[in-house]
Structures are given as C-alpha cells and as structure tokens.
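J.: Below are the structure tokens for one structure; questions will follow.
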Amino acid sequence: MKLAFLAYNRDPSIPEVDNDGNPVIVRNYSYWLAKYGHTIDIFVNKVIPNNLSNEYTRKKYNLQKKSRLELFPGVKVVRIKTSDLTAKELFKTVELQEIPEITQSVLSASYFKTTLLSDYDLVCIFHPLTAFGVIFRDLLPLNKTLLFPMLLSDEYLKFGSVSPIYIDLEQMVLESVNKIYSTSNDEKKVLVSRNIPQEKIEVIRRGIDINTFPYKQKESIRVRNEINIVTVGSLRPQKRQHILVEVIENLLSRGLKAKLQIVGENKFFTKKEYEDYFNSIKSAILKKDLEDYIVFVGGVEPDQVGELLNSADLAIFPSISESFGKAALESICSGTPTIIASECSAYKEFALDQENAIFSSSNSKDITKAVLNLINNEERYLHLSKNGLKTRKEFSWQNVSKILETSLLRSTTS
Numbered sequence: 006m007k008l009a010f011l012a013y014n015r016d017p018s019i020p021e022v023d024n025d026g027n028p029v030i031v032r033n034y035s036y037w038l039a040k041y042g043h044t045i046d047i048f049v050n051k052v053i054p055n056n057l058s059n060e061y062t063r064k065k066y067n068l069q070k071k072s073r074l075e076l077f078p079g080v081k082v083v084r085i086k087t088s089d090l091t092a093k094e095l096f097k098t099v100e101l102q103e104i105p106e107i108t109q110s111v112l113s114a115s116y117f118k119t120t121l122l123s124d125y126d127l128v129c130i131f132h133p134l135t136a137f138g139v140i141f142r143d144l145l146p147l148n149k150t151l152l153f154p155m156l157l158s159d160e161y162l163k164f165g166s167v168s169p170i171y172i173d174l175e176q177m178v179l180e181s182v183n184k185i186y187s188t189s190n191d192e193k194k195v196l197v198s199r200n201i202p203q204e205k206i207e208v209i210r211r212g213i214d215i216n217t218f219p220y221k222q223k224e225s226i227r228v229r230n231e232i233n234i235v236t237v238g239s240l241r242p243q244k245r246q247h248i249l250v251e252v253i254e255n256l257l258s259r260g261l262k263a264k265l266q267i268v269g270e271n272k273f274f275t276k277k278e279y280e281d282y283f284n285s286i287k288s289a290i291l292k293k294d295l296e297d298y299i300v301f302v303g304g305v306e307p308d309q310v311g312e313l314l315n316s317a318d319l320a321i322f323p324s325i326s327e328s329f330g331k332a333a334l335e336s337i338c339s340g341t342p343t344i345i346a347s348e349c350s351a352y353k354e355f356a357l358d359q360e361n362a363i364f365s366s367s368n369s370k371d372i373t374k375a376v377l378n379l380i381n382n383e384e385r386y387l388h389l390s391k392n393g394l395k396t397r398k399e400f401s402w403q404n405v406s407k408i409l410e411t412s413l414l415r416s417t418t419s
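Residue numbers for the sequence shown follow this note's numbering, so the first one is 6 and each next one is one higher.
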C-alpha cells in the first residue's frame with residue numbers, strides 16, 4: 006500500500022519538541038507498516054515563526070530546516086510551510102479560540118492542489134483539525150480517508166473550553182470520513198452517541214516500544230529508606246500532576262521519605278494555559294517547601310523515560326482524561342507498580358485493578374492511601390510488577406501495527 010499520513014502540526018521526526026501522543030503514534034505506525042512492505046508519506050506543517058511566536062515554535066523552526074527527509078526506510082516526512090499567526094491574541098473568547106488553528110488548517114491545504122491525495126491507496130488523518138482545510142477545499146478523497154481522532158472535544162470539555170464552531174467542524178469530519186479508528190471502547194461509545202454508525206468505527210489500541218521500555222521485575226520496597234515515585238506526561242490540567250504535590254506532602258507527614266520525579270516538557274509549551282499550569286505546580290511546591298522532594302525532569306527522550314520507570318519504585322497517573330493513556334501503559338509494561346485514576350475510562354483498555362495496576366480516585370487522600378497500602382503489601386507489589394510482563398506482550402507496537410495493517414488492507418478492497 007501507498008499511504009498518506011496527515012499529522013498537521015505534530016512532527017514525528019523531532020521528538021525533542023513533539024513527543025506527545027500524536028507524533029509517537031505516527032512514528033511507530035509508520036515504522037512497522039514500512040517494515041511490512043508499505044510506503045508512507047507523512048505530511049506535517051513546517052512552522053515559520055514571527056515576533057510573537059513562543060519558545061516552542063522558535064525551537065521547532067530550528068529543527069525543521071529540511072523540507073523533506075527520510076524518517077525510516079520507506080517512510081518520508083514532508084514539511085508544508087505555514088506561518089505562526091500573529092493575530093492569536095485577538096481570539097481569546099471561547100467562541101473564537103480555535104480560529105487560528107482552523108485558519109492554518111485551511112491555508113496549509115493548498116499544498117495538496119499539486120500533491121494529490123487521491124494518488125494514495127489510503128489517507129490517514131491524525132486529529133480532526135488536520136482534515137478541516139482539505140475537506141473545505143475539496144482536496145480529500147473521502148471514500149478512502151481514515152480518521153484517528155486522537156482526542157475528541159467531549160474529552161477536552163472535561164477540563165477546559167471548546168468553541169462551538171470547532172465542535173461543529175469536528176462533527177463534519179466524523180461524518181465525512183470513510184472509517185474511524187478509535188483507541189478504546191469508551192471512545193467508541195462517545196462516537197455512537199454522536200450519531201456515528203457503529204459499523205464505521207473500529208477499535209485499534211495503541212502500543213509500546215518494547216526496546217525503549219525494557220521490563221524490570223521489582224523487589225520489595227518496604228526495607229528501603231526512600232520511596233521513589235515517578236509520573237510521566239505532558240503538563241496539562243487534565244493530567245492533574247498538581248494532585249501529586251499534596252500526595253508527597255501527605256507521605257512525608259507520615260514519616261515516609263518520598264520523592265517525586267515529574268517527567269514532561271516544562272520549557273516549550275504549545276499553549277499558554279499549559280505554561281500557566283506548570284507555574285501553578287511550581288508555586289505550590291515552593292509554598293509547601295517541597296523543593297527537595299519534587300523534581301521536574303522536563304521533556305526527555307523515550308529511552309530515558311524507560312530508564313526513569315525502571316529506577317522508580319512506583320508510578321502514579323492521576324489523569325482524568327486520556328484518549329488512550331500510553332504513559333501509564335508504558336509504566337505497567339516496564340514492570341513498575343502503577344497507580345492510575347479510576348475516573349479515566351481509557352485506562353481500562355489495558356489495566357485491570359489489582360492485577361497489573363491499582364485504580365484510585367484522582368484525589369490526594371485516596372492516592373496517598375493507595376500508595377501506603379501498596380508499599381505495605383509486598384505480595385501485591387510484586388504481583389503487579391510480574392503481570393506487567395504479560396501486558397507488554399499484548400501491546401507491543403509490532404503486534405498493534407499488524408492488526409492495523411490487516412484492517413487497512415481490508416479498507417483498500419472494500
């Protein structure tokens with residue numbers, strides 16, 4: 006198959022700045038599909054900063070010098086020039102806040118007037134926003150277009166605001182594409198509630214890189230003087246990393262020497278609200294005099310995340326909203342006993358309470374209790390670590406991509 010992957014503004018070839026769900030998925034799917042004999046062209050926006058651009062955009066610009074590059078054998082990345090809109094400050098209201106991104110989607114679609122998407126066997130869209138422009142301008146062969154929603158507005162609304170115009174456009178994309186690949190049965194239910202036919206939706210779960218995240222069987226932690234806890238994920242309100250500040254405070258008050266490493270980009274933010282959230286956590290740490298117990302690791306390469314998980318005694322993920330929750334899956338599959346928020350239904354696609362993870366309500370009191378129960382139950386602690394080995398076999402990117410390939414081949418003949 007000859008496949009087009011439209012990733013919009015997330016570049017899988019520069020994990021230094023684009024290292025969240027979208028580019029990780031695109032990078033791994035493309036790698037394995039190419040291994041299976043297919044060719045993939047990945048189309049992303051090449052940013053051009055202006056005087057008002059943030060540090061993230063400026064760094065990304067310096068890393069996107071080439072217009073084309075080979076990511077893997079059989080996989081090319083094509084960067085489409087676009088500009089960072091200077092008028093973003095004009096769109097502060099809920100009704101207009103997504104207008105700059107929608108406009109960029111429309112403008113970048115011009116590229117496909119000469120590079121025809123109809124020449125590909127299938128077109129895979131990663132995030133509905135990616136499709137706005139090519140649909141508006143009638144440049145997308147809808148009969149062979151497949152959508153990976155990434156995160157629906159229904160989830161965004163759980164922790165923030167979304168403009169009505171964005172929701173309407175998202176619905177247009179959901180109804181227009183030929184097929185939707187959902188990451189979870191819970192997301193599938195949401196799509197059905199939005200009047201998307203069940204037969205149009207297929208659940209394809211995400212995976213982990215078993216080489217990047219090696220498995221390590223844990224030993225008892227009850228005899229140690231210090232408990233090392235890690236959390237991994239972009240610093241965003243729905244991830245609820247701020248809750249862990251209170252958890253560390255609670256553990257210290259009980260005489261436990263607990264330390265927390267927060268892994269996630271803390272220098273280059275795609276949105277100001279994410280930077281504000283980071284600053285609020287930092288302020289809380291300073292106010293509670295916890296600088297010696299909580300460390301911001303920052304954004305790091307995936308293999309370093311694997312090392313941090315292996316060296317930690319526990320991992321905690323208090324997020325209330327995920328499209329899938331790859332960081333929690335990576336933790337479980339690394340053999341690190343993991344506590345996850347019971348409010349996040351996406352985790353249930355790969356986690357089973359008391360078997361390979363511990364579910365807890367996403368508040369500091371209950372998470373503290375879960376930590377104390379786990380470190381005082383050696384049998385349960387070792388049981389969780391051991392079962393991570395079983396989970397990793399099922400969720401390797403190689404296996405997940407093979408399932409996707411089978412589905413894609415069916416789509417080319419239907």
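Ideal Cβ positions, reconstructed from N, Cα and C, are used throughout, including at glycine.
In this text, all values refer to a predicted model and were calculated from it rather than measured experimentally.
Secondary structure at V22, three-state DSSP: helix, strand or coil?
T.: The residue labelled residue 22 in the question sits at position 17 within the sequence shown. In this structure, V22 counts as coil in the three-state DSSP scheme.
J.: Just to confirm my understanding: we take F77, look at its own chain, exclude 5 residues before and 5 after, and list those with CB closer than 8 angstroms. What are they?
T.: Taking the first residue of the sequence shown as 1, we reach residue 77 at position 72. Correct list, in chain order: S35, Y36, A39.
J.: State the Cα-Cα distance for the pair L257 and D294, rounded to the nearest angstrom.
T.: Translated into positions along the sequence shown, residue 257 becomes position 252. Translated into positions along the sequence shown, residue 294 becomes position 289. Distance between the alpha carbons of L257 and D294: 12 angstroms.
J.: Around the Cβ of K118, are there at least 16 other Cβ atoms within 10 angstroms (buried) or fewer (exposed)?
T.: Reading the sequence shown from its first residue, position 113 is the one you call residue 118. Burial call: exposed.
J.: At 3 residues or longer, what runs of the beta strand (DSSP E) sit wholly inside the region 102-163?
T.: Whole beta strand (DSSP E) segments, 3+ residues: 127-131, 150-153.
J.: Mind checking which residues open and close the alpha helix (DSSP H) that includes V385?
T.: Numbered from its first residue, the sequence shown carries residue 385 at position 380. Inspection of the sequence shows that residue 385 is occupied by Arg rather than by Val. Counting along the chain, the alpha helix (DSSP H) containing R385 begins and ends at 383-399.
J.: Of all the options N216, N55, E254, which has the alpha carbon lying nearest to the alpha carbon of T87?
T.: Position 82 of the sequence shown holds residue 87. Out of N216, N55, E254, N55 has the C-alpha closest to the C-alpha of T87.
J.: Thinking C-alpha only, which one of Q403, T44, E21 is nearest F10?
T.: One-based indexing of the sequence shown puts residue 10 at position 5. That would be T44, whose Cα lies nearest to the Cα of F10.
J.: Are the CB atoms of K264 and Y298 nearer to each other than 8 angstroms?
T.: Residue mapping note: residue 264 aligns to position 259 of the sequence shown, counting from 1. Residue mapping note: residue 298 aligns to position 293 of the sequence shown, counting from 1. Yes; because the gap between Cβ atoms is below 8 angstroms, this pair is in contact.
J.: Using the C-alpha atoms, what's the distance from T418 back to F274?
T.: Along the sequence shown, one-based indexing puts residue 274 at 269. Along the sequence shown, one-based indexing puts residue 418 at 413. Taking the straight line joining both Cα atoms gives about 42 angstroms.
J.: According to DSSP, is K293 helix, strand or coil?
T.: As a position in the sequence shown, residue 293 is number 288, starting the count at 1. The answer is coil: DSSP assigns K293 none of H, G, I, E or B.
J.: Could you give the distance in angstroms between the alpha-carbon of F364 and the alpha-carbon of F283?
T.: Here residue 364 refers to the residue found at position 359 when the sequence shown is read from its first residue. Here residue 283 refers to the residue found at position 278 when the sequence shown is read from its first residue. Taking the straight line joining both Cα atoms gives about 25 angstroms.
J.: Say whether the region 246-260 touches the region 206-225, bearing in mind that this needs 3 or more beta-carbon pairs closer than 8 angstroms, one atom from each stretch.
T.: Because the criterion of three Cβ pairs below 8 angstroms is not met, the region 246-260 and the region 206-225 do not touch.
J.: Measure the alpha-carbon distance for E348 versus T120 and round it to whole angstroms.
T.: Stepping through the sequence shown from its first residue, residue 348 is reached at position 343. Stepping through the sequence shown from its first residue, residue 120 is reached at position 115. C-alpha separation (whole angstroms): 44 angstroms.
J.: Run the CB neighbour count on T341, radius 10 Å, all protein chains shown included, and call it buried at 16 or more, exposed below.
T.: Locating residue 341 in the sequence shown gives position 336, where the first residue counts as 1. With 16 or more other Cβ atoms within 10 Å, it is buried.
J.: For T417, write down the residues that DSSP places opposite it in a beta bridge.
T.: Working through the sequence shown from its first residue, we reach residue 417 at position 412. Bridge partners of T417: none, in fact.
J.: Output needed for Y161: all residues of its chain with C-beta closer than 6 angstroms, excluding positions within five of it in sequence on either side, in chain order.
T.: Counted from its first residue, the sequence shown places residue 161 at position 156. Excluding sequence neighbours, Y161 sits near V167.
J.: Just to confirm my understanding: we take S187, look at its own chain, exclude 5 residues before and 5 after, and list those with CB closer than 6 angstroms. What are they?
T.: Taking the first residue of the sequence shown as 1, we reach residue 187 at position 182. Correct list, in chain order: K193, I206, V208.
J.: Measuring alpha carbon to alpha carbon, tell me which residue in I337, V31, S181 is nearest L147.
T.: Position 142 of the sequence shown, counted from the start, is the residue given in the question as residue 147. Of the listed residues, the one whose Cα sits closest to L147 is S181.
J.: Helix, strand or coil: which one does DSSP assign to D89?
T.: Numbered from 1 along the sequence shown, position 84 holds the residue referred to as residue 89. Since pLDDT at D89 reaches only 48, below the 50 mark, its modelled position is unreliable, and no value is offered.
J.: Out of L334, N381, V31, K370, state which residue places its alpha-carbon closest to the alpha-carbon of A362.
T.: Here residue 362 refers to the residue found at position 357 of the sequence shown. The option with the nearest alpha carbon to A362 is L334.
J.: Spatial neighbours of F400 within its chain, please: C-beta separation below 8 angstroms, excluding the five flanking residues on both sides.
T.: Within the sequence shown, residue 400 is the residue found at index 395, counting from 1. So the qualifying residues of the chain are R210, R211, G212, I213, L334, C338, F355.
J.: What span of residues does the alpha helix (DSSP H) with T62 cover, start to end?
T.: Here residue 62 refers to the residue found at position 57 when the sequence shown is read from its first residue. Unbroken alpha helix (DSSP H) run through T62: 60-68.
J.: Looking at R15 and N33, is the spacing between their C-beta atoms short of 8 angstroms?
T.: Taking the sequence shown and counting its residues from 1, one reaches residue 33 at position 28. Taking the sequence shown and counting its residues from 1, one reaches residue 15 at position 10. Cβ atoms of N33 and R15: not closer than 8 angstroms.
J.: For the region 262-312, list the alpha helix (DSSP H) runs that are entirely contained and at least 4 residues long, ordered along the chain.
T.: List check, alpha helix (DSSP H) in window: 277-292.
J.: Restricting to Cα atoms, I'd like to know which of L387, D143, I170, M177 is closest to P154.
T.: Here the question's residue 154 lines up with position 149 in the sequence shown. Residue M177 is the option with its Cα nearest to P154.
J.: Check S365 in the structure and name its three-state DSSP category.
T.: Here residue 365 is taken as the residue at index 360 of the sequence shown, counted from 1. S365 falls in the strand class under three-state DSSP.
J.: Note down, one range per segment and in chain order, each beta strand (DSSP E) of at least 3 residues found wholly within the region 202-241.
T.: Taking only runs of at least 3 residues, the beta strand (DSSP E) segments lying wholly in the region 202-241 are 206-208, 232-237.
J.: Along the alpha helix (DSSP H) that carries E180, what are the first and last residues, could you check?
T.: Residue mapping note: residue 180 aligns to position 175 of the sequence shown, counting from 1. Its alpha helix (DSSP H) spans residues 169-181.
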